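S.K.:
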Ligand code: HEM
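And the structure:
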């Protein structure tokens, strides 16, 4: 009897031990593993905690991240936070908070997170957009600004005007004088590319079949696909950075393509200068002349000279495409724009840059396209370089700040019926987007598509001119129709950082009998810019 009890007792002790071990292992696992999945509620020494937000940490956000961010803004409010891996994101969805953090405290919130894919692998911390806040960024931005002030932009007016006429003519001719449907992406892409090539390298592509067009446009598309600020697992799961992944290989390849293509263009500018040619003022020339004084290495020169092509081609081309994609769904709005153009410009000539102030409805259409189809829904995240407390909420140094343009652009307090495309909301707004960004009341700003604060898009003036010329002239020349058999989706898009519509075709029907003569008058001439 006592032998049996001892055995039972022994078994019980063994079982107890096993259970205890299991509980201990489970507890240890939870202790170490749970924090990998659950947010850390960081607080400062005064007990201020980070802004509220979802409990779970995520490895990345799925496609269309602005939808997730918008949903969270409804749930957690105008300033909330979330984690991707170890990275804390703080999301700003309110105009006043955006002003307070990004503008009034711009000295703290103007750096960039050093993303593994975009900043470390593709741009190597350069090209202005990837540079951390500091002396080097300031110098590079100053160099770029020389080419982008309103005065400098006025100096390119002839180039922008010519490239725009050529785009219209190509669209007209390639659509067999407007009788056949056309996919506009290649032509809008070439227009904006030629503008940026002129500003950057004093050159252009001479025909719509120049292979350089597809080469640069597909590099830009690859860049947009690879550099989503919230979409790369490898940016947020560090061990993946130590092993070869497909994303890393694509990013490294893109980096070497940038060096080859943009480096090649810098070298050809250098050759022209050395041969005694009077190369017009352009970014590459400024960089070559200032290379020693500004202490720029070869990668700096290549990446800086690529900055305008990276920032200014798909963004402006994308807006022209969004305009073409959506305007066919609004015949009443087109009719009002046509009426304004007939009244102010007439049919004997194209609208010019000087007509902009006299065409408030066309300007309103452009602002409304930028509101409903901002090319970068999350702008380009900023990052903080010091701890900060906003309204009792702690934003630690190193947090990445997202300007939640989707929610800002759909705020009912600012935009009545925000999901409707309605240019009327901008009638009476006579400011350029650049002027509008500096208004005293941030709720009066037209939209946030160009970002905010010290890193606001430096290309804003030239972008507005490019968009005005293209959209006013497309409206002057054509009635734009969606094809009944090919409805265009305005919900889906391509790209994870900059976004452009999925490929689509439209019908560009000449609006009056002066269109043909205007198009025929434009002959593309092989010309070097001078
Ligand atoms: C519709 C056209 C455009 C839109 C919507 C746009 C939008 C933006 C946005 C949202 C940013 C980030 C701002 C921030 O961090 O707060 C940016 C930065 C930048 N953009 Fe644009 N952009 C456009 C056209 C252009 C053009 C034409 C150029 C060049 C000529 C350009 C060059 C740049 C550069 C170099 C940066 C980096 C600035 C920095 O980090 O300091 N962009 N742009």
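Numbering (this note's numbering), first residue to last: 380 to 909. Built from N, CA and C at the ideal position, the CB exists for glycine as well. None of the values given here were measured: they were computed from a predicted structure.
1. Out of 893, 628, 756, 556, point me to the one whose CA is closest to residue 725's CA.
2. Going residue by residue through the region 639–702, where are the continuous alpha helix (DSSP H) segments of at least 4 residues, counting only ones entirely within it?
3. For a test of your reading of the model: does the CB of residue 478 fall under 6 angstroms from any non-hydrogen atom of ligand 1? Yes or no.
4. Given this structure, state the Cα-to-Cα distance separating residue 636 from residue 598, to the nearest angstrom.
5. Keeping to the same chain, check which residues put their C-beta closer than 8 angstroms to that of residue 451; ignore five residues upstream and five downstream.
6. What would DSSP say about residue 865, mapped onto helix, strand or coil?
7. So, helix, strand or coil for residue 507, using DSSP?
8. Helix, strand or coil, according to DSSP, for residue 857 in the structure here?
9. So if DSSP puts residue 459 in a beta bridge, which residue, or which two residues, is it bridged to?
10. Report the option in 721, 684, 522, 694 whose CA atom is closest to the CA atom of residue 874.
11. I'd like to confirm something about residue 488: is its beta-carbon nearer than 6 angstroms to some heavy atom of ligand 1, or not?
12. I'd like the ranges of any alpha helix (DSSP H) spanning at least 4 consecutive residues and lying wholly in the region 560–637.
13. Alpha carbons only, please: which of 676, 524, 886 is nearest the one belonging to residue 836?
14. Which residues share a DSSP beta bridge with residue 761?
15. If you draw a straight line from the C-alpha of residue 464 to the C-alpha of residue 440, how long is it?
16. Please work out which residues of its chain come closer than 8 angstroms, Cβ to Cβ, to residue 736, disregarding the five sequence neighbours upstream and downstream, and give them in chain order.
17. If you measure between the beta carbons of residue 749 and residue 684, is that distance less than 7 angstroms?
18. Does the count of Cβ pairs from the region 700–717 and the region 563–574 closer than 8 angstroms reach three?
19. Are there 16 or more other CB atoms within 10 angstroms of the CB of residue 399, so buried, or fewer, so exposed?
20. Which same chain residues, not among the five before or five after residue 898, have their C-beta less than 6 angstroms away from its C-beta?
21. Quick check: does the Cβ of residue 447 come within less than 6 angstroms of any heavy atom belonging to ligand 1?
22. Counting beta carbon pairs with one atom in the region 506–519 and one in the region 481–498, are three or more of them shorter than 8 angstroms?
23. With a threshold of 16 other CB atoms inside 10 Å of the CB of residue 868, please say whether the residue is buried or exposed.
24. Would you please state the rounded distance, in angstroms, between the beta carbons of residue 800 and residue 861? I believe it to be under 8 angstroms.
25. Thinking C-alpha only, which one of 436, 437, 445 is nearest residue 753?
26. In the DSSP output, what is residue 716 paired with across the bridge?
27. Run the proximity test for residue 828: is its beta-carbon closer than 6 angstroms to any non-hydrogen atom belonging to ligand 1?
28. Any idea what DSSP makes of residue 889, helix, strand or coil?
29. Could you check whether the region 802–817 touches the region 651–658, counting it as contact only if at least three pairs of C-beta atoms, one from each stretch, sit closer than 8 angstroms?
30. Using 8 angstroms as the cut-off, can you tell me whether the region 705–718 makes contact with the region 672–684, which would need three or more C-beta pairs spanning the two stretches below that distance?
31. Near residue 518, what residues of its chain come up, given a Cβ to Cβ distance below 8 angstroms and the 5 sequence neighbours on each side ignored?
32. Whole angstroms is fine: what's the gap from residue 886's alpha carbon to residue 852's?
33. Relative to the alpha-carbon of residue 603, which residue among 895, 876, 713 has its alpha-carbon at the smallest distance?
34. Exposed or buried, residue 417, counting other C-beta atoms within 10 Å across all chains shown (16 or more means buried)?
35. Given this structure, state the Cα-to-Cα distance separating residue 720 from residue 854, to the nearest angstrom.
36. Three-state secondary structure (DSSP) at residue 769?
M.R.: So, from the listed chains and residues:
1. 893
2. 662–669, 677–691
3. no
4. Spanning the two alpha carbons is a distance of roughly 8 angstroms.
5. 432, 433, 459, 461, 470
6. Note: residue 865 maps to strand in three-state DSSP.
7. coil
8. Residue state for residue 857 is assigned as strand, using DSSP reduced to three classes.
9. 470
10. 694 is the residue among 721, 684, 522, 694 whose C-alpha sits nearest the C-alpha of residue 874.
11. no
12. 564–580, 590–605, 612–615
13. 524
14. 780
15. 11 angstroms
16. 809
17. no
18. Touching, yes.
19. exposed
20. 548, 551
21. no
22. yes
23. exposed
24. So it is not a contact: roughly 14 angstroms between Cβ atoms.
25. 445
26. In the DSSP assignment, residue 716 forms no beta bridge with any residue.
27. yes
28. strand
29. no
30. Result no; under three Cβ-Cβ pairs closer than 8 angstroms.
31. 673
32. If I take the Cα positions, the gap works out to 16 angstroms.
33. 876
34. With fewer than 16 other Cβ atoms within 10 Å, it is exposed.
35. Here the alpha carbons of residue 854 and residue 720 stand approximately 8 angstroms from one another.
36. strand
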